[in-house]
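A quick write-up on the structure given underneath.
Shown next, in the form of structure tokens:
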């Protein structure tokens with residue numbers, strides 16, 4: 001660290017004047033250093049108040065320094081300063097504090113070596129997208145699209161200027177090539193690893209198995225691209241050895257036929273990935289043989305040289321471009337944040353990120369930052385600890401027998417008189433804990449209640465609170481006793497291959513996590529979070545879950561992930577609502593970004609029509625569902641398949657399914673209902689069979705790609721507004737009200753418009769597609785906000801109002 005004022009010789013007066021212009025408040029500056037470590041240029045990035053200023057760090061580069069002033073004159077870094085300095089250090093960016101007179105400076109972190117990144121040649125890259133370019137030579141029916149060129153140009157600028165960019169590119173733009181080609185060129189020039197994150201498996205597979213394969217043939221240089229999967233997707237050879245041993249000793253509850261199928265697969269597999277298995281395998285069985293981070297011996301494992309996960313990890317570190325999903329991206333960020341190091345995550349260090357299907361990132365971040373607690377989480381920990389004769393406690397007993405004689409009695413007493421009784425208390429308390437939660441929620445019709453002062457004042461909660469405290473206390477005791485066993489029996493062993501040592505460390509860590517979850521959800525004291533109880537179904541039986549989630553994930557994301565990167569491109573077909581990026585800024589917590597919005601190149605004036613029935617009740621009318629069933633029967637009877645119906649709730653979907661199933665089956669039409677079948681099965685059957693109709697909700701509103709005549713009719717039953725009264729939604733509403741904002745226009749409406757656009761986008765997937773979209777929700781015409789939905793439609797799409805009989809005739813004409 002440095003406190004030399006020499007650094008300020010050339011810019012001290014400039015900084016002093018800038019601070020004076022900001023009325024002596026804090027300012028946040030970017031500084032360029034010369035080869036003598038003297039600051040030669042500054043740029044004011046933000047201005048604040050007397051104790052803080054916004055940390056604008058989007059496009060900072062290694063070798064630069066960020067500086068802010070402390071108006072008090074005390075240059076001691078605050079805890080927030082130190083946290084930010086540590087994050088900047090990972091990127092080679094220095095961090096310093098000056099006084100208001102700019103004659104004193106305290107360098108918290110020295111600037112790293114300046115790296116001069118080579119810039120992309122815009123003309124060269126854009127030539128790939130022209131009608132005479134290399135993509136056209138490789139791809140059948142390729143056409144030059146101005147929308148793709150605009151998108152690619154914006155992405156080239158983003159890499160060259162190290163910006164954060166929001167890019168909305170309509171369906172058919174060809175945005176995957178628009179970001180992959182500049183990304184690969186940039187990597188080739190600067191050896192800068194690039195991560196591409198998506199929400200759906202479909203897009204991941206398209207990128208890795210199609211688009212990047214094409215670019216291998218198109219580009220004049222080679223590159224390595226890897227699809228990154230979590231550790232649990234890989235077979236653990238050491239665990240399989242134990243699994244096989246248990247089967248041979250009749251200690252495994254598994255059918256012989258299934259074991260032999262698994263054993264044959266294990267002999268044949270090259271990658272050891274779960275996705276290769278083509279027979280039915282329950283998650284419970286797979287978890288017994290899957291790789292796990294806290295049960296990994298790493299280099300000490302006898303199977304290390306053949307380990308499937310380690311082989312995959314080596315490929316990751318050699319890769320130029322990594323394809324991940326949003327869940328893995330956020331898991332990696334949390335691991336690195338918890339460890340306080342960029343070297344401790346799932347992914348290697350990176351500075352450039354492309355987030356496709358970016359409209360989901362806020363919702364997924366909210367999920368990742370929560371701390372849910374449910375009974376299987378506790379049961380699984382308990383089963384490993386003491387579930388059977390191969391349990392951890394049995395292994396500890398055997399290991400005690402091998403200990404020094406003087407330690408045996410003391411350790412055996414801890415096991416028999418402390419750990420085993422405490423474990424039994426935990427086993428008895430777990431069902432009581434969740435039964436009391438079930439009893440708490442039983443009086444609420446929606447089976448979903450917010451934990452607030454009213455609930456906490458109820459007698460039932462007070463009783464539950466005592467049970468929860470007891471459970472946490474026994475877990476803490478168990479944690480302490482296991483720690484004593486670990487320190488006395490295993491700590492300091494020369495070999496790191498002891499399975500019992502690894503298992504007890506894992507059990508201790510998981511126990512600690514359970515204690516944190518119980519106490520965090522029980523106290524419900526973090527004002528940035530909302531806490532609630534929810535009833536759901538797990539393997540056919542009711543399960544009560546304690547949930548917690550950040551009310552505003554955007555408050556956490558900059559520190560968690562964005563601040564550690566120099567360049568991020570967010571892209572999707574649906575980022576804006578009412579042609580504004582405002583909602584997305586709030587979702588991500590990003591203050592400033594470059595923006596681009598390009599329309600779809602499809603001709604919606606000829607390819608699609610949105611039909612709105614004139615003679616139809618509003619969704620709030622008691623006859624809405626009855627009329628919906630009548631009209632769905634007419635529509636489906638005429639279309640005889642090639643139809644997807646999107647619902648906004650399972651209740652409505654089930655009502656229509658139950659009232660239409662038998663009648664449509666008599667006509668030879670099968671309903672593939674999400675209330676009965678898995679998404680993957682529905683998609684397979686719909687593609688394979690004629691006279692099938694999809695009834696879907698939630699996940700079917702996006703990520704479904706059914707081009708051509710497979711899908712010709714799309715029915716949207718209602719506008720997809722979020723459910724009012726949901727604990728998380730209610731908390732978001734309350735936060736907006738506290739900020740003086742209207743929750744409907746700043747939350748409900750943007751969410752609904754984006755989801756509506758996603759649903760609409762399921763129909764037209766190529767330039768040859770044609771079809772009809774039917775919307776049974778007349779609020780787009782009858783309510784003042786309705787135009788927000790209609791204005792969000794692709795340019796040129798006709799909107800037609802007609803009565804229901806004419807609507808059915810339209811289907812006849814369309815099918816002719």
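Numbering (full-length UniProt numbering), first residue to last: 1 to 816. Here a beta-carbon is modelled for each residue, glycine too, at the ideal position from N, C-alpha and C. Please read all numbers here as calculations on a predicted model, not as lab measurements.
query	result
Who are residue 24's beta bridge partners in DSSP?	Paired residue(s): none; residue 24 is not in a bridge.
Please tell me whether residue 272 and residue 234 are closer than 8 Å, where the distance is taken between their beta carbons.	yes
Grouping DSSP H, G and I as helix and E and B as strand, with all else coil, what is residue 695?	strand
Applying the 10 Å Cβ sphere with the 16-neighbour rule, what's the burial state of residue 509?	exposed
Name the residue from 448, 418, 466 whose alpha carbon lies nearest to the alpha carbon of residue 480.	418
CB residue 100 to CB residue 73, shorter than 8 Å?	yes
Taking just the CA atoms, how far does residue 424 sit from residue 705?	51 Å
Is the beta carbon of residue 89 sitting closer than 8 Å to the one on residue 107?	no
Can you grab the Cα-Cα spacing for the pair residue 800 / residue 606, in whole Å?	14 Å
For chain C, is any of its Cβ atoms less than 8 Å away from the one on residue 442?	Although the question refers to chain C, the structure presented lacks it and comprises just one protein chain.
Tell me the DSSP secondary structure of residue 243 in three-state form.	helix
Go to residue 588, then tell me how far its alpha helix (DSSP H) extends in each direction, as first and last residue.	582-588
For residue 139, does the three-state DSSP call read helix, strand or coil?	coil
Whole-angstrom Cβ separation of residue 717 and residue 652, contact assumed at under 8 Å?	7 Å
Assuming residue 900 and residue 351 form a contact by the criterion Cβ under 8 Å, report the distance between their Cβ atoms to the nearest whole angstrom.	Residue 900 falls outside the range modelled here, since the chain spans only 1 to 816, and no answer is possible.
Would the beta-carbon of residue 68 fall within 8 Å of that of residue 53?	yes
So, is residue 725 buried or exposed, given that buried needs 16 or more other C-beta atoms within 10 angstroms?	exposed
Is residue 216 near the ligand MN, with its Cβ less than 7 Å from a heavy atom?	Looking for the ligand MN in the displayed structure turns up nothing, as the structure carries no ligands at all.
To the nearest angstrom, report how far apart residue 550 and residue 372 are at their CA atoms.	12 Å
Please report the distance separating the alpha-carbon of residue 173 from that of residue 732.	34 Å
Which of the three DSSP states is assigned to residue 496 in this structure?	Because the pLDDT of residue 496 is 49, which lies under 50, any placement of that residue in the model is unreliable, and the number read from its coordinates should be weighed accordingly. Of the three classes helix, strand and coil, the one that applies to residue 496 here is coil, per DSSP.
Under the assumption that residue 169 contacts residue 753 (Cβ atoms under 8 Å), give the Cβ distance between them as a whole number of angstroms.	Actually they are not in contact, since the Cβ atoms of residue 169 and residue 753 sit about 17 Å apart, beyond 8 Å.
State the beta-bridge partners of residue 567 as determined by DSSP.	352
Please classify residue 11 as buried or exposed, where buried requires at least 16 other C-beta atoms within 10 Å of its C-beta.	buried
For residue 421, is the classification buried or exposed, using 16 other Cβ atoms within 10 angstroms of its Cβ as the cut-off for buried?	exposed
Whole angstroms are fine: how far does the CA of residue 808 sit from the CA of residue 638?	7 Å
Please check the pair residue 702 and residue 758, which I expect to be a contact at CB under 8 Å, by giving their CB distance rounded to whole angstroms.	4 Å
Using the Cα positions of residue 804 and residue 329, report the straight-line distance between them to the nearest angstrom.	47 Å
Using CA coordinates, which residue listed in 230, 596, 485 is at the minimum distance from residue 323?	230
Can you list, in chain order, the residues of its chain whose CB lies under 7 Å from that of residue 519, leaving out five sequence neighbours each side?	472
What residue range is occupied by the uninterrupted alpha helix (DSSP H) comprising residue 259?	256-268
Pull up the CB-CB distance for residue 104 and residue 75, whole angstroms please, since I reckon it's below 8 Å.	6 Å
Considering only residues of the same chain and omitting the five flanking positions on each side of residue 188, which have a CB-CB separation below 6 Å?	221
Note down, in chain order, each residue of its chain lying with its Cβ closer than 8 Å to the Cβ of residue 126, except the 5 sequence neighbours on either side.	149, 152, 153, 156
Suppose you measure from the CA of residue 778 to the CA of residue 321; what does that come to, to the nearest Å?	46 Å
Would you call residue 727 buried or exposed, if buried means 16 or more other Cβ atoms sit within 10 Å of its Cβ?	buried
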